[in-house]
Structure formats: C-alpha cells, structure tokens
Amino acid sequence: MLMYHHVAPHPGDMVTVTPATFEGQMRYLAMNGYAALSLDELLSAVRREWTPPKKAVAITFDDGWLDTWACAFPVLVKYRLRAAVFVATGWVDRASAEGPPVSPPAFPPHREARRMAERGACRGVVVDWGRIAEMRASGLVDFYSHTVSHAMCDRADPEAVAEELGRSKRVLEERLGRPCPYLCWPFGKFSKEAVALARETGYRALFTTRPGVVREGTDPFDIPRIVVKDRVDWFRIRARLYTRPWLSSLYLAAKKP
C-alpha cells in the first residue's frame, strides 16, 4: 500500500516525489504487470472475500493537494492506474469557495502549503470540488475522508473528534453521491477512543501511516502503508520485495529495533 503526499517539482522536500520520479514509478508498475487496486478491492482481499493478483498495489494520496490533480492525475490516466485520495473537506470547501485555482497553479513546498491550508488560504494549493469531479469522472480516482480540518484525532475531545469524522463523511457522501466507508488519520495520529468513534460513525476501514504490508487478515481498522521515496530505483526494489510475502516479512522483521 503506497502513500504519497505531494507530486511536485521540489526535490528533497519532505513527503514530496518529483513529477519525473512519479512518472518513472507508475511506468514501472504499468510495464511490469502490477495491478493498482481500488480500496474496495483491497478490503475485499483483506477480508478474504476475493483473491487479488500476486503483483498488486494500492496507490493513495493524503491531503488532496492541488499537485495531485496537476502532476499525478495525468500520469495515472496515462498508465490507467487506480488511486485513492484522502481529503480534508473543510480545505476543499475553502478552495472551492474562493474560486478556481490560479493558472498556472503554483506548488509551494510542503511546509508552506500546509501553513497556507491551515490558515484558510486553500486556493492554488488544495483541490476544489470541480477538480475532484474531474478526477472521479476518469473512473480511476476515488475520494475518502481525511477529517474536516486535517485534525489530530489523538488529542481532541471526543465530541470534536466525532464531529470531524461524521461531518467529513457526510459532506463526501452528499457531494459524491456514494458511501464514504474509509478514513485516513491526519498525521497518522489517533487513539483507541478515536478508532471506536470512527467505527460508530460507520467507517469500515481506517488507514494509518504505520509502515507495513497489507495482507489477508490485516486488521481493517489499522491498515499500514509504505511511504514512497523520491527514487525510482528504491521503488522498483520495494515493489518486488513487498509483493513477495515471505521476503517482505523477513525484511520488515529485520527493520524492527
């Protein structure tokens, strides 16, 4: 399960993969017979309801940055690869209310982009509902919850967490006209109480930033992901490694302190 944040022209920036590297990574998947699963397919495999191809990945993007639409989406379309994007609905609302993104869009480094979004200046850095509709129309990209305000769900009081989880789910379901069964925790921060609230709210799977490989029987409320580095050679090795269960088990065990 692959985790991206930014695909933007900022080599060396945190949680950013450059467009050239991203293209190389997606080309490798497409040219080497990897299947990019939807999250519905992934969860069916986790629950042993469906057997996925041996070479299967799931591609995810956190936060809904505008560069996901501008830089990553065209590559996904080119290689016909499915992906899921976790969006903070409050950020998307602000980006939409302020008008269309600037043209050509500017892609600030991650820290600046996050500061802008957190103070409400979402135009030009976060996708709006129009861009989301465009990506969904391709049949390749799905959108799920990342709370309303990109909230840290391990610290807030239960009522605030319940509001973040419930409102983001409702907004996505109303806007997209389909259920929103999946949530990704912002910053990877959550608590046992937050997990219980998410389950009560109706989420059927929860995605973390915990490193690991998804397999049959993985706890759907504690799904790990692999942070993707800005290197094609690294990506090729990990794609081969993590799609071989016994090798990936040995590798991950060796990495533990």
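Here my numbering is used: the first residue of the sequence shown is 20, the next is one more, and so on. Even glycine gets a Cβ: it sits at the ideal position worked out from N, Cα and C.
Between the alpha carbons of E153 and W253 lies a distance of about 31 Å.
Between P243 and R229, the C-beta gap is smaller than 8 Å, which places the two residues in contact. Within the same chain, and ignoring the five residues on either side of A213 in sequence, the residues whose Cβ sits closer than 7 Å to its Cβ are C172, D173 and V180. For M22, the uninterrupted beta strand (DSSP E) run begins and ends at L21 to Y23, by DSSP.
Contact between the segment 67–78 and the segment 94–110 is present: three or more C-beta pairs spanning the two stretches fall below 8 Å. R257 and M45 have their C-alpha atoms roughly 13 Å apart. Here the alpha carbon of A125 sits roughly 18 Å from the alpha carbon of F41.
Cβ-Cβ separation between T237 and V96: approximately 29 Å, too far for a contact (criterion under 8 Å). By the neighbour-count criterion, in which 16 or more other beta carbons inside 10 Å mark a residue as buried, S187 falls on the buried side.
No Cβ-Cβ contact shorter than 8 Å links V160 with W110. Counting the other CB atoms within 10 Å of its CB gives T87 a total of 16 or more, which places it among the buried residues.
Going by DSSP, A91 is part of no beta strand (DSSP E) at all; its letter is neither H nor E. Closest in alpha carbon position to H129, among Y261, R259 and P28, is P28. Residue environment: P30 is assigned as exposed (fewer than 16 neighbouring CB atoms within 10 Å of its CB, all protein chains considered).
Membership of I78 in the beta strand (DSSP E) is indicated by the continuous run I78 to D82. Rounded to whole angstroms, the separation of the alpha carbons of A39 and Y222 is 35 Å.
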